[in-house]
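Everything below concerns the one structure shown next.
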Amino acid sequence: MKRRAFLQLGAAAAGIPAMAPSGAAAQLLMADDLPQDLEVRPSPPTTPFLAPLQIPEVKQPINGAALDPPPDPARHQLYNEYPPVKIYELREKQFLHSYHPQIPPTPSWGYDGFIPGPTFHARYGEPYLIRRFNDLPANHTGFGLPSTTMHLHNNHTASESDGFPMDFIENGEWWDHHYCGLPR
Numbered sequence: 001m002k003r004r005a006f007l008q009l010g011a012a013a014a015g016i017p018a019m020a021p022s023g024a025a026a027q028l029l030m031a032d033d034l035p036q037d038l039e040v041r042p043s044p045p046t047t048p049f050l051a052p053l054q055i056p057e058v059k060q061p062i063n064g065a066a067l068d069p070p071p072d073p074a075r076h077q078l079y080n081e082y083p084p085v086k087i088y089e090l091r092e093k094q095f096l097h098s099y100h101p102q103i104p105p106t107p108s109w110g111y112d113g114f115i116p117g118p119t120f121h122a123r124y125g126e127p128y129l130i131r132r133f134n135d136l137p138a139n140h141t142g143f144g145l146p147s148t149t150m151h152l153h154n155n156h157t158a159s160e161s162d163g164f165p166m167d168f169i170e171n172g173e174w175w176d177h178h179y180c181g182l183p184r
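In my numbering, the protein residues as written are 1 to 184.
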């Protein structure tokens, strides 16, 4: 088969679903054991725009001497080249949060007891360190595991601080994330 014919065949095959009758469209599949009211009405009715926009607090640096134990430079590739000029503590915890005034508060997970979590003021060329504590409940019920990771975008970060998907810390553990402040 010539390349041109192959590409034409592929384009034709890709267009077939667009020509299918509407009955062939994707259908929402519900689990068999869902409560009846969830199938009928998945979300409670609410009035939009009742609550003001939540503005995250600005996280304030701490005195690095307060960290116990102190950060270990040997655990970070570029710590000695880019020693942190700001140090922060960040706590992952469970708390009650109201997502809307017409819905009762619900147990939620977040940073420092606030959703969406604090804002960090950081600048390129200004290295900083975040000590992240996992204070989530170890034996919670419901959705999710209390194993967490954290990832930073728009920064050149060494792998031990970058928070790849399998880089978990468990309940009661902490991890130091060293950010050199190097632009991508």
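We put the CB at the ideal spot given by N, CA and C, even for glycine. Nothing here was measured: the structure is a model prediction, and the numbers come from that model.
**Asked** What does E89 pair with, by DSSP beta-bridge criteria?
**Response** E89 pairs with R131.
Closer than 7 Å by C-beta to Y79: which residues in its own chain qualify, once you throw out the five before and the five after it? Chain order, please.
Closer than 7 Å at Cβ, skipping near neighbours: P73 and H178.
* To do: Identify, in the order they occur along the chain, each residue of the same chain with its Cβ nearer than 7 Å to the Cβ of H121, setting aside the five sequence neighbours on each side.
  => Taken in chain order, the residues that qualify are V58.
Notebook entry, point to check: Between the C-alpha atoms of E173 and K2, what's the straight-line distance to the nearest angstrom?
Noted result: Distance between the alpha carbons of E173 and K2: 59 Å.
**Q.** Classification of H76 by the beta-carbon crowding that lies within 10 angstroms, buried from 16 upward
**A.** So H76 ends up on the buried side.
Exercise. Nearest CA to the CA of G110: which residue from Y82, F133, R123 and Q102?
Worked result: Here the closest residue by C-alpha is F133.
Notebook entry, point to check: On the premise that P146 lies in contact with L136, defined as a C-beta separation below 8 Å, what is that separation, rounded to the nearest angstrom?
Noted result: In this structure L136 is in contact with P146, their Cβ atoms being roughly 4 Å apart against a cut-off of 8 Å.
- prompt: Distance, Cα to Cα, A158 vs P69?
  reply: C-alpha separation (whole angstroms): 21 Å.
For S159, the first and last residue of its enclosing alpha helix (DSSP H) = Here the alpha helix (DSSP H) through S159 covers S159 to D162.
Cα-Cα separation between Y88 and H100, rounded to whole angstroms:
Between the alpha carbons of Y88 and H100 lies a distance of about 30 Å.
Cβ neighbours of G163 in the same chain (closer than 8 Å, five flanking residues each side left out):
Taken in chain order, the residues that qualify are T149, M150, H151, L152 and H177.
Exercise for review: Using three-state DSSP, classify P104 as helix, strand or coil.
Suggested key: For P104, the secondary structure class from DSSP, reduced to helix, strand or coil, is coil.
Practice problem: Please go through the same chain and pick out, in chain order, the residues whose beta-carbon is closer than 8 Å to the beta-carbon of P44, but skip the five residues on each side of it. | Solution: Taken in chain order, the residues that qualify are Q102 and I103.
When you compare the CB positions of P56 and K86, do they come within less than 9 Å of one another, or not? No, they are not a contact pair.
| task | Assign Y124 to buried or exposed, taking buried as 16 or more other Cβ atoms, counted over all protein chains shown, within 10 Å of its Cβ. | result | Y124 is exposed by the Cβ-count criterion.
### Query
Applying the criterion that 16 or more other CB atoms from any shown protein chain within 10 Å of the CB defines a buried residue, is S161 buried or exposed?
It is buried - the Cβ of S161 has at least 16 other Cβ atoms within 10 Å.
Point to revise | Residue environment, E92, which counts as buried when at least 16 other CB atoms sit within 10 Å | key: Label assigned to E92: buried.
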